[in-house]
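Have a look at the structure below before the remarks.
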Amino acid sequence: YKTIALKRCSHIRIHDITIFHGGHCAIIMTGCEDVGVENVTVNTARDGINLDCCKSVTVSHCRINAPNDDALCPKSSFALGKAVITENITITNCQVSGYEEGTLLDGTLKPSRTKNGRIKFGTESNGGFRNITISNCTFRECRGLALEEVDGGLLENISISNLTMMNVDDYPIYITLGRR
54 YKTIALKRCS HIRIHDITIF HGGHCAIIMT GCEDVGVENV TVNTARDGIN LDCCKSVTVS
114 HCRINAPNDD ALCPKSSFAL GKAVITENIT ITNCQVSGYE EGTLLDGTLK PSRTKNGRIK
174 FGTESNGGFR NITISNCTFR ECRGLALEEV DGGLLENISI SNLTMMNVDD YPIYITLGRR
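With positions in the sequence shown counted from 1, the corresponding number in our numbering is that position plus 53.
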């Protein structure tokens, strides 16, 4: 199940909520436009927030803990029946982590064995990504930033600045371009 699933919606604001144990995906938006997600806390075992085929989205001041999957994941899949680019996305002042589920909320911050919980573009990337800004974000006890363009879409005008990473597994920044 998904806690919040939006498809082809516009002018959406999600703010000042906490989601615990959000199912397969705590928040998934597909083909949405003009979206603001602010001051949201997600503490779930699977995906935190997925932005698939979306345009003009701002995610700010969020804490997303997802030890077994990705915390914040722009995607560009065939969910709308065709390749659609994900573009004009701003992710700022957010914290992503891979602590054991529940320990972000109770403050114990127990590291998980899987330590996923990162910001990851893709893996679904058919349409690609354009005009994306990531700034002032913190990665804790998780994997690093991943830019994965493996389905033939484009990766254009991506701006990344002021990232802080603590106890990051694998690569701090991982970029792959290719075809699967």
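Think of the CB as a built atom: it goes at the ideal place given N, C-alpha and C, for glycine as much as any other residue. Just so you know, these numbers come straight off a predicted model, no measurement behind them.
Check                                                                                                                                  : Outcome
If you run the structure through DSSP and keep just helix, strand and coil, what is residue 191?                                       : strand
Just checking my contact of residue 163 with residue 151 at CB under 8 Å: how many whole Å lie between their CB atoms?                 : Going by Cβ atoms, the distance from residue 163 to residue 151 rounds to 11 Å, so no, they are not a contact pair.
Helix, strand or coil, according to DSSP, for residue 176 in the structure here?                                                       : coil
Return helix, strand or coil for residue 158, following the three-state DSSP convention.                                               : helix
Name the two residues that bound the continuous beta strand (DSSP E) containing residue 227.                                           : 222-230
By Cβ distance, which residues of its chain are closer than 7 Å to residue 173, with the 5 residues on each side in sequence left out? : 123, 126, 199, 201
Using only CA atoms, which one of 219, 165, 128 lies nearest to residue 176?                                                           : 128
Which value, in whole angstroms, describes the spacing of the CA atoms of residue 208 and residue 56?                                  : 29 Å
Give the single residue among 114, 105, 121, 84 whose Cα lies nearest to the Cα of residue 20.                                         : With the chain covering only 54 through 233, there is no way to say anything about residue 20.
I need the DSSP call for residue 112, collapsed to helix, strand or coil.                                                              : strand
So, using beta-carbon positions, are residue 67 and residue 95 closer together than 8 Å?                                               : no
In the DSSP output, what is residue 164 paired with across the bridge?                                                                 : 152
Hey, quick one: how far does the beta strand (DSSP E) through residue 139 stretch, first residue to last?                              : 139-145
Just verifying my parser: in three-state terms, what is the DSSP assignment at residue 133?                                            : coil
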